[in-house]
Amino acid sequence: MKIFGLVGWSGSGKTTLIRKLIPELIGMGYRISTMKHTHHNFDIDKPGKDSHEHRVAGASQVLITGRNRWALLNENREQPEPTIEDLLMRMDDVDLVLIEGFKRHPHAKLEVFRPSVGKDMIARTDSSVIAVATDEKLDGIELPILDLNDVSAVARFVIEFCDLQKSEFNGAA
Numbered sequence: 159m160k161i162f163g164l165v166g167w168s169g170s171g172k173t174t175l176i177r178k179l180i181p182e183l184i185g186m187g188y189r190i191s192t193m194k195h196t197h198h199n200f201d202i203d204k205p206g207k208d209s210h211e212h213r214v215a216g217a218s219q220v221l222i223t224g225r226n227r228w229a230l231l232n233e234n235r236e237q238p239e240p241t242i243e244d245l246l247m248r249m250d251d252v253d254l255v256l257i258e259g260f261k262r263h264p265h266a267k268l269e270v271f272r273p274s275v276g277k278d279m280i281a282r283t284d285s286s287v288i289a290v291a292t293d294e295k296l297d298g299i300e301l302p303i304l305d306l307n308d309v310s311a312v313a314r315f316v317i318e319f320c321d322l323q324k325s326e327f328n329g330a331a
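When we follow our numbering, the leftmost residue of the sequence shown carries the number 159, and every step to the right adds one.
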């Protein structure tokens, strides 16, 4: 299973780009999944719901299922956060997993960079950033520069970089 990351500072447009890349890549015949890392404490469960009450009572895992989707909530409690590799083993096999975040992991990444955000470019200090997508002219960068607003071009770059082959699950050869 191939992985490719998108990193950038808050407000740079990472999520917007991923949201546009997913249907673009699917439309080209690829099966896509995503992984999102956050440094914030998050909860996808709601207080007062039965599944939330199960977790609060101490369940290590709670599986919520219905006709349209299911989710497995895992409480890390005193355990360290799982690695990307551990998390990928829990995912179904697809052509590509797009990873948002995990800045410190050494997988190949595209930096979404907007000078207007006012932060330094991650690519200047992170050798795992292999290209930059921006909506402004950049000078002094020796990496490929992609137009942030040209989603098709970004998708083609990802496909070529990852050497993606369409999988048998989607009927493509």
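All C-beta atoms in this analysis are idealised placements derived from N, C-alpha and C, irrespective of residue type, glycine included.
Just the Cα atoms here: how many angstroms apart are leucine 296 and leucine 246?
Near 34 Å, if we compare the C-alpha coordinates of leucine 246 and leucine 296.
Enumerate, from N- to C-terminal direction, the unbroken alpha helix (DSSP H) stretches of 4 or more residues contained entirely within the region 246–281.
none
Identify the residues that DSSP records as bridge partners of valine 316: which are they?
Partner(s): none; valine 316 has no beta bridge.
Tell me the DSSP bridge mates of tryptophan 228?
In the DSSP output, where bridge partners are listed per residue, tryptophan 228 has Thr223.
From which residue to which residue does the alpha helix (DSSP H) around threonine 174 run?
172–185
Confirm, please, whether the CB-CB distance from leucine 306 to alanine 291 is below 8 Å.
yes
Considering only DSSP beta bridges, list what threonine 192 is partnered with.
According to DSSP, which records beta bridges pairwise, threonine 192 is partnered with Leu256.
Please tell me whether aspartate 284 has its Cβ less than 8 Å away from any Cβ of chain D.
Among the protein chains of the structure shown there is no chain D, as only one such chain exists.
Excluding the five sequence neighbours on either side, which residues of its own chain have a C-beta within less than 8 Å of the C-beta of isoleucine 184, listed in chain order?
The residues are Ile190.
Please name the residue in Glu236, Thr173 and Ser209 whose C-alpha comes closest to that of glycine 224.
Ser209
If isoleucine 280 sits next to histidine 263, beta carbons under 8 Å apart, how far is it from one beta carbon to the other, in whole angstroms?
Incorrect: roughly 13 Å between the Cβ atoms, too far for contact.
Would you kindly work out how many angstroms separate the C-alpha atoms of phenylalanine 271 and aspartate 308, rounded to a whole number?
14 Å
Find the nearest neighbour of lysine 204 within the set Pro238, Arg314 and Leu231, judged by alpha-carbon distance.
Leu231
Between glycine 187 and alanine 266, what straight-line distance do the alpha-carbon atoms span, to the nearest angstrom?
22 Å
How about lysine 160: is its Cβ closer than 7 Å to a heavy atom in the ligand NAP?
Among the components modelled here there is no ligand, and therefore nothing to report on the ligand NAP.
Using 8 Å as the threshold, is the C-beta distance between leucine 268 and cysteine 320 below it?
no
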